[in-house]
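Report on one structure; see the data block that follows.
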Amino acid sequence: MEALRRFANEVRKEAESLAALISRETGKPLWESRAEVESVIARVEVAIRAYSERTAQRKYDNALQGTTAVRHKPHGVVAVIGPFSSPAHLACGHIIPALIAGNAVIYKPSERVPGSAELLMQCFTNAGIPTAVAQLLIGGPEHGQALALHEGVCGVLFTGSTDIGIMLTRKLAARPDKFVALELGGNNPLVVLDTPLIPDAAVLIVQSAFSSAGQRCTSARRLIVKASIYDALIPAVKAMADRLIVGGAFDEPAPFMGPVIDNQAADGLLESFVYLMSHGGRPIKHMVRADEKLPFLTPAIIDTTAVKDRPDIELYGPLLQVIKVDDLDQAIAEANATRFGLSASLIGGTPQDYSKFWANVRAGVVNWNRPTVGAPLNAPFGGIGLSGNHRPTAYYAADYCAYPVTSAEMEQPRATVGVGFRDA
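This is the structure we're talking about:
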């Protein structure tokens, strides 16, 4: 525990350097990278508290049968395979709980963020955690796959795309001895019912859809709007998106969002926007790429109410689809029209509406009058469907970083048998 507290102090010392590296490698605005580093520091105390609560030793008195004890053991060596979007924050969501539980960790970051990962792991070393316990593996997808399949690895903690998560699950299907925790993507719905607070609703929508250039697993992909509020809400959302600054990580004034991760991602998002438009989508705010050599995109909004068979995929970027509905029942049906199930949010409505929404929407994170992004550290975080495998991280990561051992115990052997024996 104390070693992890020293790690938090090392991250504090390197906070500005680490934030700058994250921004250089991902393109995120510096203010956002600084917030990510602060989240890494905050994770330590939360993870220590979670481990103490979730895996506490327990003993139960069974009278003449002695006691039953429940304790937890580490698995051994675990592989943490992380994404580019939050190379420190999301990786530490697995690394820190795994180390607290007593495991050794091999961290394989996205090949796009090697510098951030190296400095992060150097903070573990500087905190006195041996390099044999917290190791770094730099490489591409093939190295991540080889690591996951290695005989010496007991578990795989993966954050990334659903396609890769499915591939890992298939590769490890014949290895039930290896535990797998998947934190995958989402086609997340944001439902808006009647509310007098249109400006506030617009802010929540922009935060949900366009934070981190839409490159969060919890980003809102579908804005499902009740028809009675559509004409008031959509112009307000567009007006706010029009004011949004897109720019470089270190620009002044600070941008709201930076580029998407690379030109290939930018090309794919532009193609998706054109696809939706050519299949009945009505553009509300066009996606614009000022320089074809750079992956900077303006936020895009498109009404896809009339698009038949909307693709149920994670469009990982600043592209928001709007769908008009008549009532809450239709909104819930639309929200659930996905194979994913990570994050969902309701804006407006009554407490009764929210109760109905919460009870019927299929997602691991369900919010009311809050954005779909920005999950708290002191609660479980995970999804269902194609968004995860029912192993939520954050506060519940301790549940899979150590396994429970049940023991029946007596200080002296004592036994009797009364059935099935002849008299002596």
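Numbered per the working numbering, the sequence shown spans residues 906 to 1329. Ideal Cβ positions, reconstructed from N, Cα and C, are used throughout, including at glycine. Treat the numbers as computed from the prediction; the structure is a model and nothing was measured.
**Message:** Is it buried or exposed, L1224, if we count other Cβ atoms within 10 angstroms and call 16 or more buried?
**Reply:** buried
**Message:** Quick check: what's the CA-CA separation for V942 versus H994?
**Reply:** 7 Å
**Message:** Ignoring anything shorter than 3 residues, give me the beta strand (DSSP E) runs that lie fully in the segment 969-1038, in order along the chain.
**Reply:** 972-979, 982-986 and 1009-1013
**Request:** For A1159, write down the residues that DSSP places opposite it in a beta bridge.
**Result:** Partner(s): none; A1159 has no beta bridge.
**Prompt:** Which one of T1210, W936 and E958 has the shortest CA to CA distance from E1157?
**Reply:** W936
**Asked** Since I1252 and T1100 are thought to touch, with beta carbons under 8 Å apart, how far apart are those beta carbons, to the nearest angstrom?
**Response** 6 Å
**Request:** Name the residue from L1138, V1266, R1244 and F912 whose alpha carbon lies nearest to the alpha carbon of L1024.
**Result:** F912
**Request:** Answer yes if the segment 1083-1091 comes into contact with the segment 1050-1069, meaning at least three C-beta pairs across the two stretches below 8 Å, and no otherwise.
**Result:** yes
**Prompt:** For F1326, is the classification buried or exposed, using 16 other Cβ atoms within 10 angstroms of its Cβ as the cut-off for buried?
**Reply:** exposed
**Request:** On the DSSP bridge assignment, give the partners of G1060 in chain order.
**Result:** V983 and F1084
**Asked** Is the closest heavy atom of the ligand NAD to the C-beta of P1164 under 7 Å?
**Response** Inclusion of the ligand NAD in the displayed structure is not the case, the ligand content being empty and no account of it being possible.
**Message:** Going by the DSSP bridge assignment, what does R1127 pair with across the sheet?
**Reply:** P1094 and Q1226
**Request:** Classify Q1120 as buried or exposed, calling it buried when 16 or more other Cβ atoms lie within 10 Å of its own Cβ.
**Result:** buried
**Own chain, CB closer than 6 Å to W1263, minus 5 neighbours either side, in chain order** = V1271
**Message:** Out of H1048, A925 and C1306, which one is the CA nearest neighbour of T960?
**Reply:** C1306
**Request:** Could you pull out every residue in the same chain whose Cβ sits closer than 6 Å to the Cβ of G981, ignoring the five residues on either side in sequence?
**Result:** C1059
**Item:** Euclidean distance between Cα positions of M906 and I953
**Value:** 7 Å
**Unbroken alpha helix (DSSP H) run spanning P1204, endpoints** = Segment: none, P1204 is in no alpha helix (DSSP H) and carries neither H nor E.
**Rounded straight-line distance, which links the Cα of R939 to that of Y1135** = 36 Å
**Request:** Can you say whether M1162 is buried or exposed, counting buried as having 16 or more other CB atoms within 10 angstroms of its CB?
**Result:** buried
**Message:** Just list the residues that DSSP pairs E1314 with in beta bridges.
**Reply:** T972
**Message:** Counting C-beta neighbours from all protein chains within 10 Å, is the total for S1177 16 or more, i.e. buried, or is it exposed?
**Reply:** buried
**Asked** So what does F1286 bridge to, in DSSP terms?
**Response** T1298
**Message:** At the level of alpha carbons, what is the spacing between L1109 and S1116?
**Reply:** 10 Å
**Item:** Per-residue DSSP class, three states only, for L1247
**Value:** coil
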